[in-house]
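Engineer: First the structure, then my questions, so here it is.
There are 2 protein chains.
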Amino acid sequence: MTVAGNANFPVVGVIGGGQLARMMHQAGIPLGIRFKLLADTPQESAAQVVGATEYGDYRDLDVLRAFAADCDVITFDHEHVPTEHLRALQAEGIAVRPGPEALVNAQDKGVMRAKLDSIGVPCPRHRIVADPADVTAFAGEGEGYPVVLKTVRGGYDGKGVWVVKDEAEAAAPFLAGVPVLAEEKVDFVRELAANVVRSPSGQAVAYPVVESVQENGICAEVTAPAPDLDPALSDEAQQLALRIAGDLDITGHLAVELFQTRDGRILVNELAMRPHNSGHWTQDGAVTSQFENHLRAVLDLPLGDPRPRAKWTVMVNVLGGDYPDMYHPFLHCMARDPGLKIHMYGKDVKPGRKVGHVNVFGDDLEDVRERARHAAAYLRGTITD
Amino acid sequence: MTVAGNANFPVVGVIGGGQLARMMHQAGIPLGIRFKLLADTPQESAAQVVGATEYGDYRDLDVLRAFAADCDVITFDHEHVPTEHLRALQAEGIAVRPGPEALVNAQDKGVMRAKLDSIGVPCPRHRIVADPADVTAFAGEGEGYPVVLKTVRGGYDGKGVWVVKDEAEAAAPFLAGVPVLAEEKVDFVRELAANVVRSPSGQAVAYPVVESVQENGICAEVTAPAPDLDPALSDEAQQLALRIAGDLDITGHLAVELFQTRDGRILVNELAMRPHNSGHWTQDGAVTSQFENHLRAVLDLPLGDPRPRAKWTVMVNVLGGDYPDMYHPFLHCMARDPGLKIHMYGKDVKPGRKVGHVNVFGDDLEDVRERARHAAAYLRGTITD
Chain A
314 MTVAGNANFP VVGVIGGGQL ARMMHQAGIP LGIRFKLLAD TPQESAAQVV GATEYGDYRD
374 LDVLRAFAAD CDVITFDHEH VPTEHLRALQ AEGIAVRPGP EALVNAQDKG VMRAKLDSIG
434 VPCPRHRIVA DPADVTAFAG EGEGYPVVLK TVRGGYDGKG VWVVKDEAEA AAPFLAGVPV
494 LAEEKVDFVR ELAANVVRSP SGQAVAYPVV ESVQENGICA EVTAPAPDLD PALSDEAQQL
554 ALRIAGDLDI TGHLAVELFQ TRDGRILVNE LAMRPHNSGH WTQDGAVTSQ FENHLRAVLD
614 LPLGDPRPRA KWTVMVNVLG GDYPDMYHPF LHCMARDPGL KIHMYGKDVK PGRKVGHVNV
674 FGDDLEDVRE RARHAAAYLR GTITD
Chain B
314 MTVAGNANFP VVGVIGGGQL ARMMHQAGIP LGIRFKLLAD TPQESAAQVV GATEYGDYRD
374 LDVLRAFAAD CDVITFDHEH VPTEHLRALQ AEGIAVRPGP EALVNAQDKG VMRAKLDSIG
434 VPCPRHRIVA DPADVTAFAG EGEGYPVVLK TVRGGYDGKG VWVVKDEAEA AAPFLAGVPV
494 LAEEKVDFVR ELAANVVRSP SGQAVAYPVV ESVQENGICA EVTAPAPDLD PALSDEAQQL
554 ALRIAGDLDI TGHLAVELFQ TRDGRILVNE LAMRPHNSGH WTQDGAVTSQ FENHLRAVLD
614 LPLGDPRPRA KWTVMVNVLG GDYPDMYHPF LHCMARDPGL KIHMYGKDVK PGRKVGHVNV
674 FGDDLEDVRE RARHAAAYLR GTITD
């Protein structure tokens, strides 16, 4: 496929047709870079809006190889491309960013924990467990049940994660036949995220540390910057994320999801090596968005300013509700709040499905938060005025 | 053509594949609206980045009819669609916004002047002239030569406009066989633009009045807000633009280009009924960009906040220079200024061709202006450090 545009500008190939690719495309338009997408179907979020889209199975190396042939660099909407395929592409001279040796840490939670241990990054107590009895043994090595169990591969947005309160409940995660990681259930006061972007030549920028609120394993709300965060802890979180990015040789955006413990420590929960829900606020709240900086990083361009443009920015996810029509509520939301920034993903509405988010910025945190929550709830249909 | 996306969201059909359609698409992605483009070739600025693009001649009513069949509303990248075709589409029940009765005022400068006269809007002295001798007569009715001559249709970016200093020079504009409008050459201190957006239900918003600098008939630089503008004159300009939008029943973005005269008056130079170069600063400098507000208006959604997000925003156009590669200079520009906002149109570089623009915002006008000018000059290749 020929990718139209100014031929002096590189072609970035993005694998995966979800909303992250959609928003990367949006951020790439002003840069003039040529954007190519590998998607499953024309109805996918990014495929709806990208000019140059190919369709195929990202688990098929031949599909990946054909897609990559006319790309200057390959990057990702999701972390599900088989690591061995990425190694094969890289061996054939294709620029894969982040590379497979970095990305495997976001694909496999067992690999990630071992790697973070090896570089001295504080994590929840953890180990690979063999069976339910081993989970009980793991519990006994610490504070007992409940214990968090995770399949090492394939989980996202709460899928592949269980909080089990006894050995009977510990059986379910083993049914898939995938290795299972046990982790202590951390007694946290809140969740934070440290988002950084790193380029192949080693330049890196850190966004302000944010507070994130999860509901049912899905990011529900993000406040930037994290309110009342001790500056020393904020620095520590940013330094930790920058160190992970460097030690793991990550290219592009890295989200480090953190627990802030009751006793004032931070522990790494998850890593994501792509633009991340905890960074969506940057679209309207930072000088340079995570999407633009991710593209700049994978192209090894100098990175943009990550500083906030407003005192506070709050992002609230829009989940599907009982009503399939989310367009009609625009009338009320936009009339009520002319400063509201809506970001819809073009998806069909299903109850609980992440179909968009809203950003609101301003000087008064309570006001900003109320406006963002109101809009998300109204779009979902859980409130009607 | 089926336009993918959430079927509860409307389809906006944009006629014309230039950079304005490209930036409308970019602004439409977060709204989740479905976007469809009528372009000439896949290499056009907007066609490069829009998923749902049809190709055809906008001067052919059957092409327009087929394109419009699955659109909820039609709007424009340019003003060149024949007025009679738009009337035909409207008569067939297609929502055309702005409508032909409004748009003809942006298509035909003779119609525009007559209309503005009829509603008492201050314009340069003007009349339709029959031949070079009549131009001399027109000059004699006022301050004499030089006189500005414009073909009533088909001009843009300085094309179709002549400043003639005698009757011999006045011959050229008549060669095309199109009616010619003569205007006094206004003794202005600077050019301003008042940008407003109006919806079919009559809601309207006004952006801050900006100062624009033209070079060779092309907008070169815009400063928002216009420095040192008397608040009374600013109000007058905004009220004038809102009145024109209302009296001409304009839907969408209206740019009113103005002369500020030495004796402190404002006179209307040109009208544009679409997003306009003088509003590009809003992409990074206003809460809601002109592109988003244009889309909201044509969909009759409540309009977004037009207020500035920074004390100063400066936009400088990027013109093509002698070097075809504008990507390589990104390295220097982005490293020098991490806050720089680049907007490229994907076009091939030709000397003098408008191929992009940059926006810079901040508190210090001199600094903001220097950064924007430097980036535009470096991208063009007229400076090398």
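Protein sequences, first through last, are from chains A and B.
First residue of the first sequence? That's 314 in the working numbering, and the numbers climb one at a time after it.
First residue of the second sequence? That's 314 in the working numbering, and the numbers climb one at a time after it.
All residues carry an ideal CB built from backbone N, CA and C; glycine is no exception.
(1) Going along chain A in order, which residues have a C-beta closer than 9 Å to the C-beta of Gln-355(B)?
(2) Could you tell me which whole alpha helix (DSSP H) segments of length 4 or greater appear in the region 520-577 of chain B?
(3) Tell me which same chain residues have a C-beta within less than 8 Å of the C-beta of Ser-591(A), skipping the five on either side of it?
(4) Use the C-beta contact count for Asp-701(B): other C-beta atoms within 10 angstroms, 16 or more gives buried, fewer gives exposed.
(5) Would the region 636-644 of chain B count as touching the region 689-698 of chain B if we require 3 or more Cβ pairs under 8 Å?
(6) When DSSP labels each residue in this structure, what does Tyr-368(B) get in the three-state scheme?
(7) Tell me, which residues are paired with Lys-349(B) by DSSP?
(8) Against chain A, does Asn-321(B) count as a neighbour if the rule is that its beta carbon must be under 9 Å from one of theirs?
(9) For chain A, is any of its Cβ atoms less than 9 Å away from the one on Asp-661(B)?
(10) Can you tell me where the alpha helix (DSSP H) with Leu-692(A) in it begins and where it stops?
(11) Can you list the residues of chain A that Gly-669(B) reaches, using a CB-CB cut of under 8 Å?
(12) Which of the three DSSP states, helix, strand or coil, is assigned to Ala-320(A)?
(13) Within its chain, find whatever has a CB closer than 6 Å to the CB of Ile-432(A); leave out the 5 residues flanking it on each side and keep chain order.
(14) Excluding the 5 residues preceding and the 5 following Arg-466(A) in the sequence, name in chain order all residues of the same chain whose CB lies nearer than 7 Å to its CB.
(15) Does the beta-carbon distance from Met-336(B) to Phe-604(B) come in below 9 Å?
(16) Would you tell me roughly how many angstroms separate the C-alpha atoms of Glu-397(A) and Asp-650(A), rounded to the nearest one?
(17) Could you give the DSSP three-state label for Thr-697(B): helix, strand or coil?
(18) Identify the contact partners of Ala-648(B) in chain A, using a Cβ-Cβ distance below 7 Å as the criterion.
(19) Going by beta-carbon coordinates alone, are Tyr-458(B) and Lys-478(B) separated by less than 9 Å?
(20) Taking only beta-carbon atoms, is Thr-601(A) less than 9 Å away from chain B?
(21) Select from the region 634-645 of chain B all residues with a C-beta closer than 7 Å to any C-beta belonging to chain A, and list them in chain order.
(22) Compare the beta carbon distance of Val-442(B) and Leu-494(B) with 9 Å and say whether it is the shorter of the two.
(23) Starting from the beta carbon of Asp-383(A), find every residue of chain B whose beta carbon is closer than 7 Å, and list them in chain order.
(24) Just list the residues that DSSP pairs Ile-441(A) with in beta bridges.
(25) Under 8 Å Cβ to Cβ from Arg-410(A), same chain only, skipping five residues before and after it: list those, please.
(26) Please tell me whether Arg-622(A) has its Cβ less than 9 Å away from any Cβ of chain B.
(27) When you measure from the CB of Lys-478(B) to every non-hydrogen atom of the ligand ADP, does any distance come out below 8 Å?
(28) Run down chain A in chain order and give the residues with a C-beta less than 8 Å from the C-beta of Pro-664(B).
(29) Compare the C-beta of Pro-445(A) against all C-beta atoms of chain B and say whether one is closer than 9 Å.
(30) Closest to Leu-333(B) by CA distance: which of Gly-318(B), Glu-482(B) and Gly-659(B) is it?
(31) Answer with buried or exposed for Ala-340(A), where buried requires no fewer than 16 other C-beta atoms within 10 angstroms of its C-beta.
(32) Please identify the residue among Pro-323(A), Gly-331(A), Gly-326(A) and Phe-322(A) whose C-alpha is closest to the C-alpha of His-589(A).
(33) How many Å lie between Val-461(A) and Glu-496(A) at the Cα?
(34) Could you compute how far the alpha carbon of Lys-654(A) sits from the alpha carbon of Lys-498(B)?
(35) Specify the secondary structure class of His-670(B) as computed by DSSP and reduced to three states.
(36) Consider the Cβ of Phe-348(A): report whether some Cβ of chain B lies at a distance smaller than 9 Å.
Structural biologist: Per the coordinate set shown:
(1) Strictly speaking, residue 355(B) in this sequence is Pro, with Gln absent from that position. Here the neighbours are Thr-315, Ala-317 and Gly-364.
(2) Whole alpha helix (DSSP H) segments, 4+ residues: 544-560.
(3) Ala-506, Asn-508, Val-523, Ser-525, Cys-532, Val-535, Ala-568 and Glu-570
(4) Only positions 314 to 698 of chain B appear in the structure, and residue 701(B) is not among them; the question remains open.
(5) yes
(6) strand
(7) Gly-326(B) and Ala-365(B)
(8) Chain A, which has a Cβ nearer than 9 Å to the Cβ of Asn-321(B), makes this yes.
(9) yes
(10) 678-693
(11) What Gly-669(B) touches in chain A: Gly-345.
(12) coil
(13) Asp-560
(14) Gln-420, Asp-421 and Val-491
(15) yes
(16) Cα to Cα, the separation comes out at about 48 Å.
(17) coil
(18) Pro-615
(19) yes
(20) yes
(21) Residues passing the 7 Å Cβ filter: Pro-637, Asp-638, Met-639, Tyr-640, Phe-643 and Leu-644.
(22) Yes, the pair counts as a contact, with Cβ atoms nearer than the cut-off.
(23) Here the premise fails: no neighbours, minimum Cβ distance about 15 Å.
(24) DSSP, once it has assigned bridges, lists Leu-494(A) as partnering Ile-441(A).
(25) Val-386, Ile-387, Thr-388, Pro-513, Thr-564, Gly-565, Ala-610 and Val-611
(26) yes
(27) No copy of the ligand ADP appears in this structure; indeed no ligand is present at all.
(28) What Pro-664(B) touches in chain A, judged by beta-carbon distance under 8 Å, is nothing: the nearest beta carbon there is about 15 Å away.
(29) no
(30) Gly-659(B)
(31) Buried, because 16 or more other Cβ atoms sit within 10 Å of the Cβ of Ala-340(A).
(32) Gly-331(A)
(33) Using only the alpha carbons, I get a separation of about 5 Å.
(34) 44 Å
(35) strand
(36) At least one chain B Cβ lies under 9 Å of Phe-348(A).
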